[in-house]
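**Q**
Residue numbers (my numbering), protein chains in the order written: chain C, 1 to 220; chain D, 221 to 440; chain Y, 441 to 660; chain S, 661 to 880.
1) Under a Cβ-count criterion, where at least 16 other Cβ atoms within 10 Å of its own Cβ denotes burial, should residue 697 of chain S be classed as buried or exposed?
2) Mind checking who residue 191 of chain C pairs with in its DSSP beta bridge?
3) State the Cα-Cα distance for the pair residue 337 of chain D and residue 343 of chain D, rounded to the nearest angstrom.
4) Straight-line CA distance for residue 58 of chain C to residue 269 of chain D?
5) Within 10 Å of its beta-carbon, does residue 153 of chain C have 16 or more other beta-carbons around it, so buried, or fewer, so exposed?
6) Can you list, in chain order, the residues of the segment 46 to 75 of chain C whose Cβ is nearer than 7 Å to any Cβ on chain D?
7) From residue 300 of chain D to residue 134 of chain C, what distance separates their C-alpha atoms?
8) Consult DSSP for residue 433 of chain D and reduce its assignment to one of helix, strand or coil.
9) Taking buried to mean at least 16 other C-beta atoms within 10 Å of its own C-beta, is residue 155 of chain C buried or exposed?
10) Could you work out which residue in C/27, C/212 and C/104 is closest to residue 67 of chain C when comparing CA atoms only?
11) So with CB distances below 7 Å, who are the chain A contacts of residue 860 of chain S?
12) Do residue 28 of chain C and residue 60 of chain C have their C-beta atoms closer together than 7 Å?
13) Helix, strand or coil: which one does DSSP assign to residue 428 of chain D?
14) Taking C-beta pairs closer than 8 Å, name the residues in chain C that residue 451 of chain Y reaches, listed in chain order.
15) With respect to the beta strand (DSSP E) encompassing residue 881 of chain S, which residues constitute its N-terminal and C-terminal limits?
16) Using a Cβ cut-off of 7 Å (strictly closer), state whether residue 665 of chain S contacts chain Y.
17) At the level of alpha carbons, what is the spacing between residue 266 of chain D and residue 53 of chain C?
18) Is the segment 534 to 542 of chain Y in contact with the segment 619 to 629 of chain Y, if contact means three or more CB pairs nearer than 8 Å?
19) Scan the segment 531 to 544 of chain Y for residues whose Cβ lies nearer than 8 Å to a Cβ of chain S and list them as they occur along the chain.
20) What separation, rounded to the nearest whole angstrom, lies between the Cα atoms of residue 340 of chain D and residue 364 of chain D?
21) Of all the options C/193, C/4, C/178 and C/77, which has the alpha carbon lying nearest to the alpha carbon of residue 187 of chain C?
22) Chain C partners of residue 308 of chain D, CB-CB under 7 Å?
23) Over what stretch of residues does the beta strand (DSSP E) that includes residue 728 of chain S continue unbroken?
24) Do we get a CB-CB distance below 7 Å when we pair residue 235 of chain D with the residues of chain S?
25) Would you kindly check if the distance between the Cβ of residue 283 of chain D and the Cβ of residue 315 of chain D is under 7 Å?
26) Could you work out which residues of chain D lie near residue 184 of chain C, taking near to mean beta carbons separated by less than 7 Å?
27) Just how far apart, CA to CA, sit residue 131 of chain C and residue 125 of chain C?
28) What are the complete alpha helix (DSSP H) segments, minimum 4 residues, inside the segment 71 to 96 of chain C?
29) When DSSP builds the beta bridges, which residues end up paired with residue 202 of chain C?
30) When the Cα atoms are used, what is the spatial distance from residue 611 of chain Y to residue 578 of chain Y?
31) Whole angstroms are fine: how far does the CA of residue 422 of chain D sit from the CA of residue 412 of chain D?
32) Give me the residue from Y/554, Y/527 and Y/515 with the minimum Cα distance to residue 509 of chain Y.
33) Can you give me the C-alpha to C-alpha distance between residue 527 of chain Y and residue 513 of chain Y, rounded to a whole angstrom?
34) Of the choices D/264, D/428, D/276 and D/312, whose alpha-carbon is the least far from that of residue 17 of chain C?
35) Would you mind reading off the limits of the alpha helix (DSSP H) that contains residue 573 of chain Y?
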C-alpha cells in the first residue's frame, strides 16, 4: 500500500473504539442484526463544522443523514440521470418511512456564498462547474430578490441561507409520494438553521416564513 | 407553526449546547470567523449507523463529509445536470484543497443490498426509481462478477460493498483536476470499510486490492 | 513487575488520551502551568455510580472533589490525628477559596445502609470497624429518630441519606474559618441528593429542611 | 432557600441528563437495582484536574473512588477515631471484594508541595493544621531523604509525589485483611502517577521501585 490512512484518523478511530464503541457495542450489534429504523431524515451540508450527529447528540441509528453542498433538495426529476439526494429521500421516505424530514442549513455556508457572488457578478455556470450548477437549484427562490449589492453582506448571506431552506422544502414537496405522506400526517417537514458562531439554532415557522430561536427545552 | 421540531431533537441539541458546545465554543467561534480548512474529504453513506464524525471522533472543522446512498462517487460528467456529489468533490479538492479523500463503505448497506437483489433478479431501474438508478454507478465494476446466487449472502454482500468502494475510487480518478493533485502528491485517496457489528475497520490496500484490518495505532 | 495495570484501565486511559485529552490538551497544559482554581468543593461518596464530574459534566479544573464513604463531613476536631476530609476542606476553603461547598448524597448508599442496619439491630462499632466507626459521624442527627423498623425501608433509607447531608452541613459549620466565610458571603453551602435509578437530583432548601427537585434550567 | 445551586452545576447536570444519562439510563437503573460491584478501588487526590473517571473513561459502576489530599493511605489504626480513608478501603476490600487497589498520584500536587515547603523550612504541624497533619502520613518515607534544597524543584516534587505513592502502598499493606487477600492472589496493588501537563501516565514497577511510562495498549 503506498499510502496509509492519516494518523489522525487512525487515532480518532482508536479513541472511538475504546470509549464510545466500547460503551455502546451491544447497541451497535443490535443495529447490525436488526437493521436501521431511523425516524428522522436530515438533509445537511457537507461543511466540516456542522455535523448533525454532533449538534443533536444523536445515537447510532437515530437519523439518516444526506449531506451535500448547501443542504439542497433538487426538484423531483424522474429521468435516468443519477440523483443522489433524491435517492436518499426515496430510501428514507419510501423504504424506512421516517416520520420527520429536516432541512438543516447554517451560517457561513460556502455554497451559498459562491451562489451569491456569482449572482451579484452575473456569472453563469458553465458545464463542469459542479458547485455553480448545483447551486442553481435555489435560483427559483423568489426570496432571493432581497439579495442586493448595498446590503449588509452577513445579513444578506443569512437571508439567502434561509431562503434556500425554504426552497428545499418546496422542492421536497414536488416528490409525489412524499407529499402524500405529509398529507396523511405520516411525515412532518422541518426547516432549521444553525449558527456555529454562537451555537444558536433557529426553526422555520412556515406560517410566517420566519426563522425563530428554538424554545427552551423542557427539563426531563 | 403547525409542527414543532421533535422533542428528541430539541433535547439532543440542548445536551450539545450544555456539554460539547459549552466546552468548545471558542473553537466554534474561531471556525465561524476564520472559515473551515478541513484536510479530509469523507464520502460516506447516509446510513444512520455510520456517522463518520462519531467513528473517527472528529473535531468540528476536521472533515468535509458528503453522504449519499452507498457512499458512491459518480464518474466525471461535465454537463448541465445537478451533480451533488461532484459539487462536493469540487468544493473539497479545488477550493479547500483537502489532502485526503476517503471513500468509506460499511457492512449491511441497504443501497448495496437493493442493487444486489435487482442484479440477481434481473430487474432494470425505471426512470424515477431513484435508488435503483443511483446504484447503477457501480454496475461497471467488474468485480461484481463474483456476485452469485449460490454464494453466502453475507460474504457476497461484503464483497460487493468493497467492490463499490473500489469503483468509487476509480470514478474519483475520472475527475481531471483531482488526478492532477493526486499525481503531484497533494492529495491521497483511501478506501475503508466499517462493520458496525463488531466495530472493525478495514483499509483498502490498492496494490493487492484487498481490505485489511487497520494496524494497531501508535500510542501517543 | 509482577502485576500490570488491568487491561480495562489501560484501554480506558488510551481512549481518554485519544479523545478528550487530545481535544483539551491545551486546557490541561494551562491548568498544569497556572495551578488549579476551582470554585466548587464537592463532598461526595466513594460509590462507583455517582462520579460528580460525570453527573455535572465538569471540566478539568472546575471542582475539588473529596470522596469518602457516605459523603460525610466530620465535626471540627483540631487535634493531632489524621483528618483527611477536614484537610480537604481546609485546602478548598482556606487555600483555594472556593465559592461553593456542596455535600452530595445519593440513593442506595451502602454506608447509610450499614449504619441503618447497625442502628436497628443495636450493634456497636468496635475499634477497627472502620465503616461503622466512620458512620458514627451522623449519629447526632436528631432526624434519625424517624428511622423505624416498621417503615418502608426504601423511604427510610432515603430519609436517612438526606438527614446525613443535613448533619454534614451542620458539621461543616463547626469549622470556624468556614463559618466566617459563609457569613461574609464569600462561601455558599449546598446540599444535594442524586438518585441514579431515574437520574433525579434534589436540592436541599435549608429554610424548610426539604429536598426539592431541581428547577428546570434556563436555556442558554 | 437563600442560595441556589450555581447555574454552572445546574447546566452541567442538565447536559448530563440529556446526553450521557439519556444514553445510559438503563445501565444506571440496573446499577441502582442490583447494587454496585466495582473491581477497582482507586485512591486518588481531591485535585480538580485529575478525576479518575475522566482519565480512565470509566463507566458508572466500574471503580470505587476515594479522594483525599495527596491520595494518601494512612497506616492501619484500629482505634475509635474517624478513619475516612480506612473505611473506604474496608468497604472496597471486605464488602465489595475489589480485585485491584490503585494508588493514583499526580504532578503539581498541592498537598505534596505544602509538605515539601514545611519540610525544607523545618515547620511543624500544629493541631488544627489539617493539611499539614494529614501530610505527616508520608513522613516515614525514607525516599524523602532525596528532598534537598539545591535540587531542581520540579524533579524533586515529582520524586516526592512518587515516594508518597510507595508509602501509601506500604501503608495499604498494614491492613491485615488486605494483605491476606493480596497473598491469596484475590487482590492486586498498583501505583500510578499522572502528569496533566502532557497526559503521560506512569506505572510503578515495584521490583525496581521505578515509575515507567505505560506500555502502548493493544488494539482491540
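Idealized CB from N, CA, C, for every residue including glycine.
**A** In short, the structure shows the following:
1) Residue 697 of chain S counts as exposed, since fewer than 16 other C-beta atoms from the protein chains shown sit within 10 angstroms of its C-beta.
2) Residue 191 of chain C pairs with C/103.
3) The alpha-carbon atoms of residue 337 of chain D and residue 343 of chain D are separated by roughly 8 Å.
4) Taking the straight line from one Cα to the other gives about 10 Å.
5) In summary, residue 153 of chain C is exposed, with fewer than 16 beta-carbon neighbours lying within 10 Å of its beta-carbon over all protein chains present.
6) Shown in chain order are the members of the segment 46 to 75 of chain C whose Cβ falls below 7 Å from a Cβ of chain D: 46, 47, 48, 49, 51, 53, 54, 55, 56, 57, 58, 60, 61, 62, 63, 64, 65, 66, 67, 68, 69 and 74.
7) Straight-line measurement puts the Cα of residue 134 of chain C at about 9 Å from the Cα of residue 300 of chain D.
8) Strand at residue 433 of chain D.
9) Exposed, because fewer than 16 other Cβ atoms sit within 10 Å of the Cβ of residue 155 of chain C.
10) The shortest C-alpha separation from residue 67 of chain C is found at C/104.
11) Here the protein chains are C, D, Y and S, and chain A is not one of them.
12) Yes, the pair counts as a contact, with Cβ atoms nearer than the cut-off.
13) Reduced to three states, the DSSP call for residue 428 of chain D is coil.
14) Simply 18 and 22.
15) Residue numbering for chain S in the displayed model covers 661 to 880; residue 881 of chain S lies beyond these limits and cannot be assessed.
16) The beta-carbon of residue 665 of chain S is placed less than 7 Å from the nearest beta-carbon of chain Y.
17) Straight-line Cα distance between these residues: approximately 12 Å.
18) Three or more Cβ pairs closer than 8 Å define a contact, and the segment 534 to 542 of chain Y meets that threshold against the segment 619 to 629 of chain Y.
19) Under the 8 Å Cβ criterion, the segment 531 to 544 of chain Y contributes 531, 532, 535, 539, 540 and 542.
20) Using only the alpha carbons, I get a separation of about 11 Å.
21) Checked all of C/193, C/4, C/178 and C/77; the closest Cα to residue 187 of chain C is C/178.
22) Residues of chain C with a Cβ closer than 7 Å to the Cβ of residue 308 of chain D are, in chain order, 46, 68 and 69.
23) From DSSP, the beta strand (DSSP E) with residue 728 of chain S extends over 723 to 728.
24) Judged by the 7 Å Cβ criterion, residue 235 of chain D is in contact with chain S.
25) At the C-beta level, residue 315 of chain D and residue 283 of chain D stay beyond 7 Å of one another.
26) What residue 184 of chain C touches in chain D: nothing, since even the nearest Cβ is about 14 Å away.
27) For residue 131 of chain C and residue 125 of chain C, the distance between alpha carbons rounds to 9 Å.
28) You should have 84 to 90.
29) Assignment of beta-bridge partners to residue 202 of chain C by DSSP yields C/193 and C/213.
30) Those two C-alpha atoms are separated by around 10 Å.
31) Answer to the nearest angstrom: the Cα atoms are 5 Å apart.
32) If we check each option's Cα against that of residue 509 of chain Y, Y/554 comes out closest.
33) C-alpha separation (whole angstroms): 11 Å.
34) Looking at the Cα atoms, D/276 is the closest of the given residues.
35) Boundaries of the alpha helix (DSSP H) harbouring residue 573 of chain Y: 570 to 575, taken from the DSSP string.
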